[in-house]
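Mapped onto my numbering, the consecutive letters of the sequence shown carry residue numbers 622 to 721.
A virtual CB, placed ideally from N, CA and C, is assigned to each residue, including glycine.
Okay, structure first, notes after.
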Amino acid sequence: MTHYFISAGIELQKGADLMKAEAGLQRLAKQTRDEPECHLFEIRQDLKDPTRFTLWECWTDRAALAAHYEMPHTKAYLAQNLTNVCYIEELGEIGTRETA
Numbered sequence: 622m623t624h625y626f627i628s629a630g631i632e633l634q635k636g637a638d639l640m641k642a643e644a645g646l647q648r649l650a651k652q653t654r655d656e657p658e659c660h661l662f663e664i665r666q667d668l669k670d671p672t673r674f675t676l677w678e679c680w681t682d683r684a685a686l687a688a689h690y691e692m693p694h695t696k697a698y699l700a701q702n703l704t705n706v707c708y709i710e711e712l713g714e715i716g717t718r719e720t721a
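Now the structure itself:
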């Protein structure tokens with residue numbers, strides 16, 4: 622079975638409260654792990670720059686990730702405007718490529 626993997630980098634928005642963002646991200650991760658098509662959802666904080674975070678995610682497919690963005694807990698976190706997405710990488714097995 623093939624899953625859909627992504628890695629994403631986010632950072633604290635200018636003027637946002639770091640402790641509020643940390644608590645919100647912890648809550649988001651816990652709630653997201655309960656989604657039926659989520660196989661992995663980890664958020665790690667940069668040890669040298671605590672305003673930066675990396676997300677590691679594994680979903681059943683792209684549609685499952687799209688559904689995640691429609692979940693009430695995801696919308697509630699995003700509505701707080703605490704963090705910005707810096708990048709999103711779609712990941713696959715070594716040697717696999719998506720052709721345009």
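Relative to the alpha-carbon of residue 686, which residue among 631, 662, 644 has its alpha-carbon at the smallest distance?
Among 631, 662, 644, the Cα nearest to that of residue 686 is on 662.
Measuring CB atoms only, is the segment 648-667 touching the segment 704-721, in the sense that at least three cross pairs come out at less than 8 angstroms?
Contact check between the segment 648-667 and the segment 704-721: fewer than three CB pairs, one atom from each, fall below 8 angstroms, which does not count as touching.
So, helix, strand or coil for residue 689, using DSSP?
DSSP places residue 689 within a helical segment (H, G or I) once states are collapsed to three.
Do you know how far the Cα of residue 626 is from the Cα of residue 697?
Between the C-alpha atoms of residue 697 and residue 626 there is a straight-line separation of about 23 angstroms.
For the segment 626-655, which segments carrying the alpha helix (DSSP H) assignment without a break, of at least 4 residues, lie completely within its bounds, in sequence order?
Within the segment 626-655, the complete alpha helix (DSSP H) runs of at least 4 residues are 639-654.
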